[in-house]
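Structure first, then comments.
Number of protein chains: 2
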Amino acid sequence: MGALAGIRVVDLTRILAGPFCTQLLADMGAEVIKVEPPTGDPVRGQGAVVDGFSWYFAQFNRNKKSVVLDLYTDEGKDALARLIASADVLVENYRPGVLAKMGFDDGRLEELNPRLITASVNGYGSTGPYVDRPAFDFIAQAMSGFMAVNGDPDGPPRRAAPPVSDLIAGLYCAFGVTSALEARHRSGRGQKVESSLTGGLISMMAYLSAEYFATGSNPKRTGNDHPIVAPYGLFEAEDGEIAVAPSHDVMVARFLGVLGLSDLLNEPDFADNARRMANRPALNARINAVTRTRPVDHWIEAINKAGCPAGRVMALDEVFTDPQVLAQEMVVESQRPGRAPIRMTGFPVKLSATPCTVQLPPPELGEHTDEVLGGL
Amino acid sequence: MGALAGIRVVDLTRILAGPFCTQLLADMGAEVIKVEPPTGDPVRGQGAVVDGFSWYFAQFNRNKKSVVLDLYTDEGKDALARLIASADVLVENYRPGVLAKMGFDDGRLEELNPRLITASVNGYGSTGPYVDRPAFDFIAQAMSGFMAVNGDPDGPPRRAAPPVSDLIAGLYCAFGVTSALEARHRSGRGQKVESSLTGGLISMMAYLSAEYFATGSNPKRTGNDHPIVAPYGLFEAEDGEIAVAPSHDVMVARFLGVLGLSDLLNEPDFADNARRMANRPALNARINAVTRTRPVDHWIEAINKAGCPAGRVMALDEVFTDPQVLAQEMVVESQRPGRAPIRMTGFPVKLSATPCTVQLPPPELGEHTDEVLGGL
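Going line by line, the protein sequences match chains A and B.
Counting in the numbering used here, the first sequence runs from 20 upward without gaps.
Counting in the numbering used here, the second sequence runs from 20 upward without gaps.
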């Protein structure tokens, strides 16, 4: 039994941000009923397909039930109304206003179910001048300030490859829904919850935005270098790169100590952080001359042991075979009869008494239509 | 009254990931009691200081109360025990095992308060071979597969500048805490909640990890280009860059139509996505020749109007003066008597009936020690 056992979620979302939100709720034990059009969520046909099943779809839709409704018909809308009346939560990621145009405006939802929590994940929020614009992760990365701070000082702004704005917005929405559940225990009533791709990513700017607010200056792109600390970044080992993050002087001393370079701190060019920043290329050259003599594993072990954070730059094949990642069960499998076991990312939040589990495999299109509609 | 009104959180966190978790809970209306050592959270002295106050600290500690306890003394530990007995949630971001060494192991916590939810944000999780390693955002970006997919095809792996792994881990932990609150309504008992910098960021790999699982191949770095769609990315307008994301053929036709380049799709080099991918430099040159003739504003307006996602690449000064960002109240102010108003990022998740609000300014060190301890 998961933490959200007994909570029924009607899921009108597709593609990415919304389905990630509802998967987080499903992983926590909520009953998530994914309402799909007769053609299905487009993701069913995207990405690599194994044994007739998209693993991209699987990654975002495990633990859900699939019900097919044609919401262009009165019959479909009627079934949706009955589903809504039976539910605790409705999640949608239409553009703002579309759900109302389908016949489910705030008044109707309130009438159908005053305890309903209605959650929306969208691009820019449901009010304001950009409300009707189509949204996409790449655009949210551009418009949130995120792209502008990533990349080389003399290069262009750089996106992150994963669709971080979609997933962060989905995660915020799931947090909003569970917070609204807590409020409902007091009030007895539902409310509206909303998150957006741009708003979520803006909130990740952290001290970069705090510094902008305090100083009025935009942060500069610094590549992999720390903007105000040296040494810091990627260094060359015998057989690859190591990431080292000595965030203050004590850490720097530990790092250089492991390399046998403690004396560097007595040289005028490297005596304090300001001078190390000014002489970063020379400093990094001295460090690389030592790190290049031994393999990655040696340095990772020794630098961490000295109390300074260090790690390997891992590609996904290394990530998903790493002993720590496996110990944390960040790879899970889901089995569908007659198909190859589907491998997917595990659960990033762990609860001891009501852990997240794979209860249901990702559903075939409409697999639960009869079961769910028959139960209304 | 926020969604989490009436929930008391004892906050033993410092720096970033933990304080972000407890700020999310505080923004939602929980009473968050930040327990600080006599020297305070180190962030109080970091970043730009305005009128004697760090705006970086403010960004992560609004809506909290500050209580100073010296947890090296029996008196401090005794006060913490009484606080724990009065609380719903304890959040800490020590390395695994440190809280137990301080005298608060699982048995003691259970004895003090069987309804307590104990949440931990850490680097790698609380079990596994790397459990004792020091953690840092840069290292988590390296070890999660995130850095390896970001950057140019012929360049090095690239971090994202914001500390995304810290903030995502904090957000997952807040979601775990609210989920555990829901479970407690059924069970009457607390439990342990945990998230990690690496686990959180691994979960953001989305379809990149799904493709790896399905194919066994690592994704390649593709800079700002979409790995399987062209045209897509940044284009040159008269006075700056525009981000355009036509994610499928219909969008591509809309985008090229706005540019007056619909005929491109009839040329053999650009007739389908595979050929456009193969001839991307030539395609982008043709597009840039047109986009360079008009300003950014013109193109953003026209391309969005045609239904294709497009946006400006914004630095933070543009983000925080953008009319949509202001309409979404993503800049808020907090006032402390005798100090300049502190500007900070607003609330990325909106609740209609119990909205997030700035109830308390970021606290002075120990500001609430007497009030809170006196009330026990």
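Just so you know, even glycine gets a beta-carbon here, dropped at the ideal spot from N, CA and C.
Residue i at chain B interface by Cβ criterion, 8 Å
{"i": "A:Pro38", "result": "no"}
{"i": "A:Tyr75", "result": "yes"}
{"i": "A:His317", "result": "no"}
{"i": "A:Val212", "result": "yes"}
{"i": "A:Ala193", "result": "yes"}
{"i": "A:Ser281", "result": "no"}
{"i": "A:Met223", "result": "yes"}
{"i": "A:Ser228", "result": "yes"}
{"i": "A:Gly71", "result": "no"}
Endpoints, the alpha helix (DSSP H) within which residue i is located
{"i": "B:Arg273", "result": "Asp268 to Leu278"}
{"i": "A:Asp316", "result": "Val315 to Lys324"}
{"i": "A:Glu390", "result": "Thr388 to Gly393"}
{"i": "B:Phe165", "result": "Phe165 to Val168"}
{"i": "A:Val344", "result": "Pro342 to Ala346"}
{"i": "B:Leu335", "result": "Leu335 to Val338"}
{"i": "B:Glu48", "result": "The identity of residue 48 of chain B in the sequence shown is Gly, whereas the question assumes Glu. No alpha helix (DSSP H) holds B:Gly48; DSSP gives it neither H nor E."}
{"i": "A:Leu370", "result": "Taken as a continuous stretch (DSSP letters only), A:Leu370 belongs to no alpha helix (DSSP H), being part of the beta strand (DSSP E) at Val368 to Leu370."}
{"i": "A:Ser105", "result": "Asp93 to Ser105"}
{"i": "A:Val377", "result": "From DSSP, A:Val377 is part of no alpha helix (DSSP H); its letter is neither H nor E."}
Opening and closing residue of the beta strand (DSSP E) in which residue i lies
{"i": "A:Gly364", "result": "The sequence shown places Thr at residue 364 of chain A, rather than the Gly named in the question. Note, A:Thr364: beta strand (DSSP E), Ile361 to Thr364."}
{"i": "A:Ala233", "result": "Unbroken run through A:Ala233 is the alpha helix (DSSP H), Ala225 to Thr234; no beta strand (DSSP E)."}
{"i": "A:Asn141", "result": "Ile136 to Asn141"}
{"i": "A:Ala249", "result": "From DSSP, A:Ala249 is part of no beta strand (DSSP E); its letter is neither H nor E."}
{"i": "A:Ala262", "result": "Gly259 to Val263"}
{"i": "B:Ser214", "result": "Lys211 to Ser215"}
Reduced DSSP secondary structure (H/G/I, E/B, other) of residue i
{"i": "A:Gly37", "result": "helix"}
{"i": "A:Ser205", "result": "Here residue 205 of chain A is Arg; the residue named in the question, Ser, does not match the sequence. Reduced to three states, the DSSP call for A:Arg205 is helix."}
{"i": "A:Phe123", "result": "coil"}
{"i": "A:Gly66", "result": "coil"}
{"i": "B:Gly330", "result": "strand"}
{"i": "B:Gly195", "result": "helix"}
{"i": "B:Phe79", "result": "helix"}
{"i": "A:Ile26", "result": "coil"}
{"i": "A:Val110", "result": "strand"}
{"i": "A:Ser353", "result": "strand"}
{"i": "A:Val117", "result": "helix"}
{"i": "A:Ala290", "result": "coil"}
{"i": "B:Val150", "result": "coil"}
{"i": "B:Glu383", "result": "coil"}
Closer than 8 Å to chain A by CB, residue i
{"i": "B:Gln354", "result": "no"}
{"i": "B:Ala199", "result": "yes"}
{"i": "B:Val338", "result": "yes"}
{"i": "B:Thr146", "result": "yes"}
{"i": "B:Ile52", "result": "no"}
{"i": "B:Pro175", "result": "yes"}
{"i": "B:Ser206", "result": "yes"}
{"i": "B:Ala249", "result": "no"}
{"i": "B:Tyr91", "result": "no"}
{"i": "B:Ile306", "result": "no"}
{"i": "B:Asn303", "result": "no"}
Residue i Cβ short of 7 Å to the ligand SAH heavy atom set
{"i": "A:Phe274", "result": "Looking for the ligand SAH in the displayed structure turns up nothing, as the structure carries no ligands at all."}
Within chain B, partners of residue i - CB distance below 7 Å
{"i": "A:Phe157", "result": "Ala262 and Ala264"}
{"i": "A:Tyr143", "result": "Gln343"}
{"i": "A:Met349", "result": "Gly218 and Ile221"}
Interface partners of residue i on chain B, CB under 9 Å
{"i": "A:Gln403", "result": "Nothing about residue 403 of chain A can be reported from this structure: the residues present for chain A run from 20 to 395 only."}
{"i": "A:Ala202", "result": "Met20, Gly21, Ala22, Leu23, Ala24, Met47, Gly48, Leu370, Ala372 and Thr373"}
Neighbouring residues, chain A, relative to residue i (Cβ below 7 Å)
{"i": "B:Phe232", "result": "Trp74, Arg362 and Met363"}
{"i": "B:Tyr113", "result": "Here the premise fails: no neighbours, minimum Cβ distance about 14 Å."}
{"i": "B:Ala329", "result": "Ile158"}
{"i": "B:Asn292", "result": "Per Cβ cutoff of 7 Å: no residues; B:Asn292 is ~13 Å from chain A at best."}
Chain-ordered chain B contacts of residue i [CB-CB under 8 Å]
{"i": "A:Thr241", "result": "Ala180"}
{"i": "A:Asn237", "result": "Ala334, Leu335 and Asp336"}
Partner residues on chain A for residue i, Cβ-Cβ distance less than 8 Å
{"i": "B:Phe165", "result": "Ala179 and Pro181"}
### Query
At a cut of 8 Å, does the region 183 to 199 of chain B reach the region 378 to 386 of chain A through at least three beta carbon pairs?
no
### Message
Between the region 198 to 215 of chain B and the region 126 to 134 of chain B, can you find at least three pairs of beta-carbon atoms closer than 8 Å?
### Response
yes
#### Entry: Three-pair Cβ contact test at 8 Å for the region 211 to 226 of chain A versus the region 218 to 226 of chain B
no
### Task
Indicate whether the contact test is met: 3 or more Cβ pairs, each with one atom in the region 308 to 318 of chain A and one in the region 251 to 261 of chain A, closer than 8 Å.
yes
### Message
Does the region 235 to 247 of chain B come into contact with the region 368 to 375 of chain A, if we say contact requires no fewer than three beta-carbon pairs (one atom in each stretch) closer than 8 Å?
### Response
no
#### Entry: Validate contact between the region 74 to 90 of chain B and the region 27 to 45 of chain B using beta carbons, cut 8 Å, 3 pairs
yes
### Query
Between the region 152 to 162 of chain B and the region 213 to 222 of chain A, are three or more C-beta pairs nearer than 8 Å?
The region 152 to 162 of chain B vs the region 213 to 222 of chain A: no contact.
### Message
Check whether the region 237 to 252 of chain A and the region 298 to 306 of chain A touch, using three or more Cβ-Cβ pairs below 8 Å as the test.
### Response
yes
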